[in-house]
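Report on the following structure.
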Ligand SMILES: Cc1cc2nc3c(=O)[nH]c(=O)nc-3n(C[C@H](O)[C@H](O)[C@H](O)COP(=O)(O)OP(=O)(O)OC[C@H]3O[C@@H](n4cnc5c(N)ncnc54)[C@H](O)[C@@H]3O)c2cc1C
Ligand SMILES: Cc1cc2nc3c(=O)[nH]c(=O)nc-3n(C[C@H](O)[C@H](O)[C@H](O)COP(=O)(O)OP(=O)(O)OC[C@H]3O[C@@H](n4cnc5c(N)ncnc54)[C@H](O)[C@@H]3O)c2cc1C
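Residue numbers (full-length UniProt numbering), protein chains in the order written: chain A, 1 to 451; chain B, 1 to 451.
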């Protein structure tokens, strides 16, 4: 059966090599790997239409695969079938510099996109850290350190070309900056994790590269104080570019890992960006505010070299943890109303202490989104259990406080179990939407909801 | 039949008075009035559940009614049945000042909401001019003069409580500022014009009242130059608060109507808002930029009194036109990529000249959204025809240029005919979403799509 299917798709666009099957069996999470039957590399939208038509005919699952940087196993083809890889669909379709807008194929990565547009004084600001594909970022509604200013992917997507499960091609928006026409399909496909359709073109907003960027860092006695200080910055109305919390434990890990001497205290990292006078003014206002809140060690940086130095502890944190031998990482991704952030951060820190596992609390505190990262030995069932317990306690508490179990990483396999707790009755509606868009259940089956 | 239905709803919550039937037969548009069979005034979500359950049982249409300020006939119960009015559901449910967030009932109006939160130094920025209800603003995805900074309702909605056609109650989001959990139901209900469910609670973001507001105005030789200058402001990355275009004809109307002496030229109106130093800096940068683009008559205002004076021509424009005796107004609401705005504005101006009707071009040029307003005699079929022709030419050209037929007013009755031109195949998907959410077609039937 597979052989006939592969022939119809064109042998040269398919791979069953061991390395490709392995690559497409997992992402950056620690969810169990499952290999697809084969990997298909479409070159254009017609190829995507074809794979979906054939998948219908042969009743085979189709799972889109971006850069595989997902943290919830979204791209793992758990029911096997076809993994659809967009490496060959990574080109600019149309560039509209004067409209601050670009249309690209989904396989283009964030860094490729920025390389292309930076030359024109523009940039695409959503920054999940990893060099994710634009298609994957849309599919997970990614965000990251700049969300406090630019929101998440959903706020940047203007239009998508999507191939539906039945092979028909639609556009979900337009090139207008806002619209009240028709139902908001942009929104529903963004964050749908390949379960409602396959994205073949993405039109996103671009932004002018800020003339000037300033960075700063300061420390507080407790993570709770960090969160409260961050809240004050938000209330001030200042259009901050980034505002990150890194707890003392994580700074300690970075110091050990890189032989640094960063102050081992709960830290806030800031970035200000815009026209020079405005940025200087913003930094001054925030410095005063932080000092009112009793911060220590205020440092700021001007040149790009100094900035990188100042933010190093934030940037190297994930690597510092991952460096720990014999352990793998897992983590939480909750997002709560800002007033609940201090409580959550303290709760997370306490859970980590109680677990006895090494781990840190950090996050994009400008949006109330924070992560815990826990290191555990995957072969030690007690540690596995404890890590899982920490994650679930945090997710459930966030939901109880009116927040979400996932602020940016998405549902995939890891957050399915919290969907009813978070969305209640609405899960039934979501499932019926899934059944409407994909009646045969061929699109990334087994993700997001228990059907 | 109706009698039994009314009894079950409770006589005291129903009105069949002539004045109420008349009030609920139309909105601010010139679409033909149709009276509902009766008006129901729910007091809580249970009442809304009840009306939907009974509407199912009796197979009667249900059309939500906000403040009736809609411009596309969305609230007109064209198939009669029950008009559901939210005047009794206009309270604050929960206020979270430290989270810059509030939950209100849908009947609360924009000004009521601001009156409530302003005391706490906060405000809700979406400003469609009219004192619309929050429920109606969600249902039409309203925006207005502040969209250049705050986007539209969809960007401000965090959570909705919605009663579905079958009477079940769901929440569409959470109180977190961002989320990647589940399908984006917030987005699909926002802008659904009462066709997918009835909104019974709305949680929106609030913002700190800017410390300082500055206003400015300048003129250009042609509307095209205005649009190009506006584009330059956007590219500069300055976080402007409002930026409006008003053409010379409209200024002339205002001068005649109010005996003013505003310079009768194509004008740009600006508002800057934020902390004092930053705002001053922004105004200076824009002034220099506008002068580079050859603006005339740059004027700026500091005090709130001067500001109102400076913006008067913008604020009084609609009234000035409506003052013309024997005529009614209609208009277009297209939104296009910024680079196409000059072309559209020139096109709109030319169509108006050719029609021989009195009318103006103006709009929220910061988002590429602009309006034409045409005055015509509803009893003169040639004028009716010409007005309609102008509107349709603009809508179709906007769609051709990659834009939308409605940037903010919504589809209702007036923009149904452009849905296929704008959305193509996606209309079929939208219709199937409608059929899924409302299988019996009881929710505001006859709107948005031709079924
Ligand atoms: C070190 C590190 C830091 C991270 N930090 C952040 C962060 O700060 N914020 C954040 O949001 N994320 C973060 N992530 C997670 C990850 O980068 C994002 O989830 C990213 O959006 C995934 O993109 P991808 O291209 O790697 O997608 P993949 O992992 O390959 O796939 C993700 C999902 O997208 C679907 N998909 C991919 N392409 C398409 C398509 N064309 N059509 C339809 N569906 C498609 C897949 O089926 C899958 O469901 C981080 C990851 C790492 C490793
Ligand atoms: C002078 C003037 C200027 C305007 N300028 C703008 C502008 O700049 N920008 C802009 O966006 N609009 C503008 N409008 C249009 C209008 O104000 C908006 O469309 C507004 O959002 C309508 O709100 P409403 O409460 O009056 O709703 P209504 O007109 O009563 O109803 C509108 C739609 O919402 C639905 N609805 C109402 N309540 C609910 C509910 N609880 N649940 C579900 N559906 C509901 C109704 O069924 C209907 O489909 C203007 C109108 C006027 C008169």
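Cβ coordinates follow ideal geometry from the N, Cα and C atoms, glycine included.
So which residues on chain A does residue 190/B lean against when the C-beta distance must stay under 9 Å?
Those are 184, 187, listed as they occur along chain A.
Chain A within 8 Å of residue 174/B, Cβ atoms only:
yes
In the DSSP assignment, find the unbroken alpha helix (DSSP H) run with residue 226/B in it and report its ends.
223 to 235
Per DSSP, what kind of secondary structure is residue 360/A in: helix, strand or coil?
strand
Closer than 7 Å by C-beta to residue 50/B: which residues in its own chain qualify, once you throw out the five before and the five after it? Chain order, please.
9
Output, in chain order, the set of chain B residues within a Cβ distance shorter than 9 Å of residue 134/A.
Result: empty, since nearest Cβ-Cβ is about 16 Å, beyond 9 Å.
Neighbourhood of residue 87/B by C-beta, 7 Å cutoff - its chain only, sequence neighbours within 5 removed:
41, 107
Go to residue 299/A, then tell me how far its beta strand (DSSP E) extends in each direction, as first and last residue.
Note, residue 299/A: beta strand (DSSP E), 296 to 301.
Only counting runs of 4 or more residues, tell me where the alpha helix (DSSP H) segments fall wholly within the region 121 to 181 of chain A, in order along the chain.
Fully enclosed alpha helix (DSSP H) runs of 4 or longer: 134 to 140, 147 to 150, 153 to 156.
Output yes if chain A places a C-beta closer than 8 Å to the C-beta of residue 391/B; else output no.
no
Would you verify that the beta carbon of residue 490/A is, or is not, closer than 8 Å to some beta carbon of chain B?
The first residue shown for chain A is 1 and the last is 451, placing residue 490/A beyond what the model contains.
Measure the alpha-carbon distance for residue 116/A versus residue 297/A and round it to whole angstroms.
38 Å
Determine contact between the region 219 to 233 of chain B and the region 259 to 267 of chain A, defined as no fewer than three beta-carbon pairs at a distance below 8 Å.
With a cut-off of 8 Å, the region 259 to 267 of chain A and the region 219 to 233 of chain B do not count as touching, because too few Cβ pairs lie within range.
Does DSSP classify residue 242/B as helix, strand or coil?
strand
If the criterion is Cβ atoms closer than 8 Å, does the pair residue 362/B and residue 244/B meet it?
yes
In chain order, each alpha helix (DSSP H) run of at least 4 residues that lies wholly inside the region 318 to 365 of chain B
341 to 355
Check whether the Cβ atoms of residue 148/A and residue 240/A lie closer than 8 Å to each other.
When the beta-carbon positions are compared, residue 148/A and residue 240/A come within less than 8 Å of each other.
Quick one: is the Cβ of residue 165/B within less than 7 Å of any heavy atom of ligand 2?
no
Would you mind stating whether residue 82/B and residue 31/B have Cβ atoms separated by less than 8 Å?
no
If you scan the region 357 to 408 of chain B from start to end, which runs of the beta strand (DSSP E) of 3 or more residues do you find wholly inside it?
359 to 364, 369 to 376
Who are the neighbours of residue 503/B on chain A, taking C-beta pairs under 7 Å?
Residue 503/B cannot be examined here, being either before or after the span of chain B that is shown, 1 to 451.
Should residue 421/A be labelled buried (16 or more other beta-carbon atoms within 10 Å of its own) or exposed?
exposed
Kindly list, in the order they appear in chain A, the residues whose Cβ is closer than 8 Å to that of residue 213/B.
Simply none; closest approach about 12 Å.
When you measure from the CB of residue 16/A to every non-hydrogen atom of ligand 2, does any distance come out below 7 Å?
no
For residue 284/A and residue 398/B, the rounded distance between their alpha carbons:
44 Å
Helix, strand or coil at residue 33/A [DSSP, three-state]
coil
What residues are listed by DSSP as bridge partners for residue 271/B?
215/B, 242/B
Buried or exposed for residue 1/A, going by 16 or more other Cβ atoms inside 10 Å?
exposed
For residue 91/B, three-class secondary structure by DSSP
Three-state DSSP puts residue 91/B in coil, outside helix and strand.
Using a Cβ cut-off of 8 Å, pull out every chain B residue sitting near residue 96/A, in sequence order please.
337, 339
Quick one, which of 5/B, 300/B, 190/B has its alpha-carbon nearest residue 411/B's?
Of the candidates 5/B, 300/B, 190/B, the one whose C-alpha sits nearest the C-alpha of residue 411/B is 190/B.
Residues near residue 390/A by beta carbon distance below 7 Å, same chain, minus five either side
351, 352, 355, 372, 374
Counting contacts by CB-CB distance shorter than 8 Å, is residue 201/B in contact with chain A?
no
Taking Cβ positions, are residue 176/A and residue 336/B nearer each other than 8 Å?
Result yes, Cβ atoms of residue 176/A and residue 336/B sit closer than 8 Å.
Which residue comes first and which comes last in the beta strand (DSSP E) that contains residue 85/B?
82 to 85
Identify the contact partners of residue 408/A in chain B, using a Cβ-Cβ distance below 8 Å as the criterion.
178, 180
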